[in-house]
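A.B. asks:
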Amino acid sequence: MLNWAWRQWLLQPGRLLLTMVVFAGVLALAMLFDGIRIGIVSDIREFPASLSSDLVALKKGNSYFAMTPSSLPATALAQARAVTGVAQADPIGLVPFILSNNGKRTPAMLVAYGKAGGPPRLVSGRTPGSGPEIVLDANLARLYNFSLGDKVDILGNELTIVGISTGTTSPFTPYAFISYDQFVQAALRMLLSGQMANQASDMSLISALLIKLDDGADINAVRQRLETAMPEVGLFTPAQLGNADASFGERLMGPILVLLSVMTWLIALLTMVVLRHAEVQNNLRQFGIQKALGARPAGLAVALAFGGVLIALSAFPLALVAARGLAYVMADWNPLYGARVWDPYVLVRALIVALVAAIAGGILPWRRLVKLDPVMVFKR
């Protein structure tokens, strides 16, 4: 039966090509939605997880880095530096803002940093100095067609773009970076001008502390001493914060994207069922001949499964190319949403689902062939 099934496909290359293209298109769409979900979660996790510290101190009760920025008292920095086992503690400020230009508006997160907490990698330019300078995430800059030397208005301050960073993308809050000195100066100007008069009594410029430990220090022991010295803070590793922010993003967008993925996988299965049904209908006489020659139900099932697997394996490379093309189009439309269609999870999942759909898609046509009377076929 396998030899016969193979010959049938060789005799109809046009039908095989059309079937392959149709199934590849559906498979590519499913891979795109899976890739978007993986891309969102990975991008949200990347920057918090890359923070160059052993521990990160946030306001107690807050376990998120950028999703819900915290606010620490001004005394927290000195308290952390006084703890035995702490080699370095650096403040960072996190300020949500809306980047607006040429009719576009994008929520973003301004990171004010000193010795630590800056962009992990620069693709061009340099880090910001103490003047009115800023580093923008590469995808955020691409969205607005910004380049080095351009001016941007951030919270009423005109800043010059001096660097473009990677590893700092997030579909919800892409990152921008200024020096902590500049951040303090801007806050003082706003305070002196009366713009922050109502917030002066409880004003804090510290959203988090990046804490590095002495070489060889026991992280659990230092954590306990920090918690004793600063009962108002919660302590996390960068990896924990990255995972927490990623989980928040997945809860926010995950259900919708999972639903879309499931729907496209079901469409892939239904597409395969329709394609295999059309194949059986087109080759009904040939199947009838095989039954008349003694083909058993198991042999018919093998022939159908072989055809489905052939379609799936032939369509898979084309689906990869199509999915990559769709991801490129989407990134061109909005660079903040990167679909990671080449992620191993997406590839393995797509291959498994394609093969399952290929085999399962032959069940309904197989039932018809089992009931097929060869005599009736020859009478048609």
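Numbered as in the numbering used here, the sequence shown ends at 371 without a single skipped number. Ideal Cβ placement from N, Cα and C applies to all residues, glycine included.
(1) Using beta-carbon positions only, say whether ASP45 and THR159 come within less than 9 Å of one another.
(2) In three-state terms, what does DSSP make of PRO308?
(3) Label ASN136 either buried or exposed according to how many other C-beta atoms from any shown protein chain fall within 10 Å of its C-beta, with 16 as the threshold for buried.
(4) Between which two residues does the beta strand (DSSP E) holding ILE145 run?
(5) Per DSSP, THR157 forms a beta bridge with which residues?
(6) If you run the structure through DSSP and keep just helix, strand and coil, what is ARG340?
(7) Considering only residues of the segment 47 to 92, which uninterrupted beta strand (DSSP E) runs meet the minimum length of 3 residues and lie entirely inside it, listed in chain order?
(8) Is the separation between the beta-carbon of VAL300 and that of ILE343 shorter than 9 Å?
(9) Nearest by alpha-carbon distance to GLY154: which of LEU260, LYS142, ALA313, SER115 is it?
(10) Determine the burial state of TYR104: buried for a count of at least 16 other Cβ atoms within 10 Å of its Cβ, exposed for fewer.
(11) Checking 9 Å against the spacing of the C-beta atoms, do GLU223 and ALA67 come in under that value?
(12) With DSSP run on the structure shown, which of helix, strand or coil describes SER170?
(13) Smallest Cα separation from PRO162: which of VAL17, PHE307, ILE27, THR151?
(14) What's the gap between the Cα of VAL32 and the Cα of ALA230?
(15) From LYS203 to PRO82, what does the alpha carbon distance come to, in whole angstroms?
(16) Counting C-beta neighbours from all protein chains within 10 Å, is the total for VAL17 16 or more, i.e. buried, or is it exposed?
(17) ASP172 to GLY120, Cα distance in whole Å?
(18) Taking C-beta to C-beta, are LEU317 and ASN130 nearer than 9 Å?
(19) Which two residues bound the contiguous alpha helix (DSSP H) that contains LEU217?
(20) ASP334 and GLY52 - do their beta-carbons sit closer together than 9 Å?
(21) Tell me, which residues are paired with LEU127 by DSSP?
(22) Return the residue from the list ALA71, VAL86, ILE35 that minimises the CA-CA distance to PRO60.
(23) Can you name the residues that DSSP bridges to ASN148?
(24) Alpha carbons only, please: which of ALA73, GLY233, GLY109, ALA313 is nearest the one belonging to VAL12?
(25) With a threshold of 8 Å (Cβ to nearest heavy atom), would LEU232 be considered close to the ligand FMN?
(26) Sort out for me which residues DSSP pairs VAL102 with in a bridge.
(27) Please return the same chain residues whose Cβ sits closer than 7 Å to the Cβ of ARG117, not counting the five positions on each side in sequence.
(28) What distance in whole Å lies between the Cβ atoms of ILE35 and ASP236, which are believed to be in contact at a cut-off of 8 Å?
C.D. replies: By the coordinates alone:
(1) Locating residue 45 in the sequence shown gives position 54, counting from the first residue. Locating residue 159 in the sequence shown gives position 168, counting from the first residue. No, these two residues do not count as a Cβ contact at 9 Å.
(2) Reading the sequence shown from its first residue, position 317 is the one you call residue 308. Three-state DSSP puts PRO308 in a helix.
(3) Position 145 of the sequence shown, counted from the start, is the residue given in the question as residue 136. Exposed, by the Cβ-count rule.
(4) Mapped onto the sequence shown, residue 145 falls at position 154. Unbroken beta strand (DSSP E) run through ILE145: 142 to 145.
(5) The sequence position of residue 157 within the sequence shown is 166, counting from 1. Answer is ARG112.
(6) Position 349 of the sequence shown holds residue 340. Residue state, collapsed to three classes: helix.
(7) 77 to 92
(8) Taking the sequence shown and counting its residues from 1, one reaches residue 300 at position 309. Taking the sequence shown and counting its residues from 1, one reaches residue 343 at position 352. No.
(9) The count along the sequence shown starts at 1 and reaches residue 154 at position 163. GLY154 has its Cα closest to that of SER115, out of LEU260, LYS142, ALA313, SER115.
(10) Taking the first residue of the sequence shown as position 1, residue 104 is located at position 113. TYR104 should be labelled buried.
(11) The residue labelled residue 223 in the question sits at position 232 within the sequence shown. The residue labelled residue 67 in the question sits at position 76 within the sequence shown. Yes; because the gap between Cβ atoms is below 9 Å, this pair is in contact.
(12) Along the sequence shown, read from residue 1 onward, the residue named residue 170 stands at position 179. SER170: strand per DSSP, three-state reduction.
(13) In the sequence shown, the residue the question calls residue 162 occupies position 171. Considering only alpha carbons, the answer is ILE27.
(14) Indexing the sequence shown from 1 puts residue 32 at position 41. Indexing the sequence shown from 1 puts residue 230 at position 239. So the two alpha carbons sit approximately 13 Å from each other.
(15) For this step, residue 203 is matched to residue 212 along the sequence shown. For this step, residue 82 is matched to residue 91 along the sequence shown. About 12 Å.
(16) As a first step, residue 17 is located in the sequence shown; it is residue number 26 there, counting from the start. Buried is the call here.
(17) Locating residue 172 in the sequence shown gives position 181, counting from the first residue. Locating residue 120 in the sequence shown gives position 129, counting from the first residue. Straight-line Cα distance between these residues: approximately 9 Å.
(18) Position 326 of the sequence shown, counted from the start, is the residue given in the question as residue 317. Position 139 of the sequence shown, counted from the start, is the residue given in the question as residue 130. The answer is no: Cβ separation not under 9 Å.
(19) In the sequence shown, counting from the first residue as 1, residue 217 sits at position 226. Where LEU217 is concerned, the enclosing alpha helix (DSSP H) stretches over 210 to 220.
(20) As a first step, residue 52 must be located in the sequence shown, where it is residue number 61. As a first step, residue 334 must be located in the sequence shown, where it is residue number 343. Contact: no.
(21) What you label residue 127 is simply residue 136 of the sequence shown in a count that begins at 1. In DSSP, LEU127 forms a bridge with ILE155, ALA167.
(22) For the purposes of this step, residue 60 is taken as residue 69 along the sequence shown, with counting starting at 1. Comparing Cα positions, the closest option is VAL86.
(23) Counting from one through the sequence shown, the residue named residue 148 turns up at place 157. ILE145, per the DSSP bridge assignment.
(24) In the sequence shown, residue 12 corresponds to position 21, counting from 1. When only C-alpha atoms are compared, the closest one is ALA313.
(25) Within the structure as shown, the ligand FMN is missing, as the structure has no ligands at all.
(26) On the sequence shown, position 111 is the one that residue 102 refers to. In DSSP, VAL102 forms a bridge with LEU85, PHE168.
(27) Taking the first residue of the sequence shown as position 1, residue 117 is located at position 126. Answer for ARG117: VAL153, GLY154, listed in chain order.
(28) By one-based count along the sequence shown, residue 236 stands at place 245. By one-based count along the sequence shown, residue 35 stands at place 44. Right, their Cβ atoms sit about 5 Å apart.
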